[in-house]
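Encoded as structure tokens, the structure appears first; notes follow it.
Residue numbers (the numbering used here), protein chains in the order written: chain A, 52 to 522; chain B, 738 to 1020.
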């Protein structure tokens, strides 16, 4: 029992270390990353809080089963590069996960220290080790199995695809990634803003995969330039589909096609992928609103709202039909948004978007809601309060209420089974689809989820593909 | 990188590039488009594939220099390369033996009409083509259209060449003369497509239009190109680019096309001020 040893008492006395970060007032006007990351001393102090449990619960909470106590121990021993290598054994993208994983629902949720006080800041330590390696380490070719002569096509270069590629290349297979956009990284590049995940970090991870031998073909829209069957006919022994849930959802209310109404995908793609926040240095424009509303309460809504404030908005409102308790966004993101002055309108549902003769948005009509009985998602169902309609004056609206499956691959692969929402049906343990040699994972199977869950699915699919190829 | 192997000036501010892109050349069908980028800081520009030669591995792109991005594209010459070229995108034109097909192109819209007329002719349709431009020196592809058409009428708004009037007037003449037409394909500026559709609607004559809204990714991801068709929101990039012209809300399309006019003006002026040299440079 570790419960009441003096050792544990001592560790509880050290508080969870905060990461130094840009002051809210300043950062709300720039696109640089919010936290600076731990300096080495803080990282070691935080690492010293870890109890080094014999049966670490945190590992069970990690979708890719990182040996968390070991990497933290290495941080404590000043072996920062060793810590990074330990992370990379199980996680292709530690610098990314250290930033965007919902640790509070995963590894940190399971940490014993969290029972009485605050859990070890595992995510911050992961970020520290990965950043240290990127900034100070030299490229070391990881051990690779001898070439198998097998070729795998990975469709989509988001978290799932990058993980599959990273795993299979080490197992000796030839791997080609096909990416539709002009840059690899998927949602890490087009979706998550610079201030939360600097693009140079994603690029470094992509560069690493290329150095290890993964071939990356950008500008290839699969389903158009080639079908899955054509890939198989052209020498690929297996195909992994990690195309994500990229189709934006709108509310289907009047006025949604007015100018100044964006899907979050469009708003964030303009800003992140096309760097419209640097217009006119970059050519792609973006509408800058004074009074901006963002519909939805997830991380994408927070990213959109925080982008809008950085683009100079005076007022940015998150409009969410449930209450604060039901917000699906990470607590940290909600907290950052609040600090930056984002205003929250809970229990509010837009019913109509208002515009002028030029086709530009001028406002929206909303309805107040109250919470009823829990629905199928387990969250209390929002119900409109009759007669509660009111108008909000806004000049930009960003719709961040979720995404669906892009049908391009499925519609050109007739024997690929999909469910009623258009997502690909795949075995949760192996990623195997209804089509022989074709695997799928990430959002295109589950619908919108997290980076780390997509990576977990990629890991399982890579193992299954390896077995399939060698069996 | 996608090398430009041939450039031609077709009309004032209208240029034609042949670009080496063997994969796309093999795959593309009439009605489909590509997206290109010229340099790292550049926009993603959607352009119809006007023609392709699978043996040579080239595709033909035709564009009018209207804003900064197309003006910059126009500064490229043979031997230069496009940074990115993505395609083919969108659904191909539905081509079959309809009987008599009227192919109508206005201005730069003649470029997307050309491969469709060619495809319709190959499918043994009788192709009646009407092409028009504001004035003679803006007219493109007259000879090419002539080769793939059973009948060609050339119009200019100002009467400087051919039929004096709009393409819709020429179509009206044909219909008034009792010419039987089974299908109309009309591509050009929105006002032109709207007028043609109004005319054919009264005669219950099926009319296909190809739309060119603002796009970003052009793969169905962003919804910038959404348009109302028959009261439903559709994405032009993945649901189109062709739709039943009688169902399209053209008024909305025009407004959406104008969404970034101030920024486009700002970009173009800065570009012209810099003497047409691009800040990003060719890479």
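Every residue, glycine too, gets a C-beta built ideally from N, C-alpha and C.
Cβ pair residue i, residue j closer than 9 Å
i, j, result
"residue 460 of chain A", "residue 294 of chain A", "yes"
"residue 267 of chain A", "residue 230 of chain A", "yes"
"residue 743 of chain B", "residue 785 of chain B", "no"
"residue 751 of chain B", "residue 845 of chain B", "yes"
"residue 775 of chain B", "residue 308 of chain A", "no"
"residue 400 of chain A", "residue 370 of chain A", "yes"
"residue 272 of chain A", "residue 824 of chain B", "yes"
"residue 101 of chain A", "residue 123 of chain A", "yes"
"residue 798 of chain B", "residue 773 of chain B", "yes"
"residue 211 of chain A", "residue 454 of chain A", "no"
"residue 286 of chain A", "residue 464 of chain A", "no"
"residue 919 of chain B", "residue 828 of chain B", "no"
"residue 333 of chain A", "residue 778 of chain B", "yes"
"residue 955 of chain B", "residue 739 of chain B", "no"
"residue 342 of chain A", "residue 242 of chain A", "no"
"residue 805 of chain B", "residue 1005 of chain B", "yes"
"residue 161 of chain A", "residue 111 of chain A", "yes"
"residue 361 of chain A", "residue 80 of chain A", "yes"
Same chain, Cβ closer than 7 Å to residue i, neighbours up to 5 away in sequence not counted
i, result
"residue 496 of chain A", "474, 475, 477, 508"
"residue 860 of chain B", "832, 833, 834"
"residue 470 of chain A", "476"
6 Å CB neighbourhood of residue i in its chain, flanking five on each side removed
i, result
"residue 947 of chain B", "849, 924, 978, 979"
"residue 219 of chain A", "203, 226, 513"
"residue 986 of chain B", "965"
"residue 66 of chain A", "none"
"residue 54 of chain A", "Note that residue 54 of chain A has pLDDT 49, beneath the 50 cutoff, so the model's placement of it is unreliable and no number is given."
Test: residue i CB closer than 9 Å to a CB of chain B
i, result
"residue 245 of chain A", "no"
"residue 324 of chain A", "yes"
"residue 330 of chain A", "yes"
"residue 350 of chain A", "no"
"residue 333 of chain A", "yes"
"residue 314 of chain A", "yes"
"residue 241 of chain A", "yes"
"residue 410 of chain A", "yes"
Closest Cα partner of residue i within the set the options
i, options, result
"residue 481 of chain A", "A/458, A/500, A/506", "A/506"
"residue 811 of chain B", "B/748, B/826, B/873, B/793", "B/748"
"residue 216 of chain A", "A/239, A/183, A/263", "A/263"
"residue 428 of chain A", "A/119, A/386, A/373, A/394", "A/373"
"residue 176 of chain A", "A/206, A/157, A/135, A/156", "A/135"
"residue 479 of chain A", "A/336, A/385, A/511, A/352", "A/511"
"residue 278 of chain A", "A/292, A/82, A/345", "A/292"
"residue 409 of chain A", "B/838, B/1009, B/990, B/781", "B/990"
"residue 981 of chain B", "B/852, B/935, B/943", "B/943"
"residue 953 of chain B", "A/316, A/221, A/288", "A/316"
"residue 284 of chain A", "A/356, A/488, A/299", "A/488"
"residue 498 of chain A", "A/386, A/458, A/125", "A/458"
"residue 864 of chain B", "B/841, B/994, B/997, B/930", "B/841"
"residue 125 of chain A", "A/205, A/299, A/247, A/96", "A/96"
"residue 843 of chain B", "B/928, B/939, B/885", "B/928"
9 Å Cβ cutoff, residue i in contact with chain A
i, result
"residue 756 of chain B", "no"
"residue 965 of chain B", "yes"
"residue 956 of chain B", "yes"
"residue 947 of chain B", "no"
"residue 941 of chain B", "no"
"residue 879 of chain B", "no"
"residue 830 of chain B", "no"
"residue 1011 of chain B", "no"
"residue 1018 of chain B", "Because the pLDDT at residue 1018 of chain B is just 41, under 50, the model does not fix this residue reliably, and the value given afterwards should be weighed accordingly. Not closer than 9 Å to any Cβ of chain A, the Cβ of residue 1018 of chain B fails to qualify, so no."
"residue 762 of chain B", "no"
"residue 900 of chain B", "no"
"residue 1001 of chain B", "yes"
Sequence-distant residues of its chain with Cβ nearer than 8 Å to residue i (five each side left out)
i, result
"residue 121 of chain A", "137"
"residue 1008 of chain B", "805, 808, 809, 1015"
"residue 190 of chain A", "259, 262"
"residue 780 of chain B", "774, 806"
Closer than 8 Å: residue i CB and nearest the ligand FMN heavy atom
i, result
"residue 782 of chain B", "Questions concerning the ligand FMN fall outside what the structure shown contains, since it holds no ligand whatsoever."
* Mind listing which residues of the region 255-278 of chain A have their C-beta closer than 9 Å to chain B's C-betas, in chain order? -> 269, 270, 271, 272, 275, 276, 277
* To do: Determine which residues of the region 777-791 of chain B have a Cβ less than 9 Å from any Cβ of chain A, and write them out in chain order.
  => Taking 9 Å as the cut-off between beta carbons, the residues of the region 777-791 of chain B near chain A are 777, 778, 779, 780, 781, in sequence order.
* Asked: Any residues in the region 812-827 of chain B with a beta carbon nearer than 9 Å to a beta carbon of chain A? Which ones, in chain order?
  -> Residues 820, 821, 822, 823, 824, 825, 826, 827.
* When Cβ atoms are compared, which residues of the region 960-989 of chain B fall closer than 9 Å to chain A? -> 960, 961, 963, 964, 965, 970, 972, 975, 986, 988, 989
* Interfacial residues, the region 281-299 of chain A to chain B, with Cβ spacing under 8 Å -> 297, 298, 299
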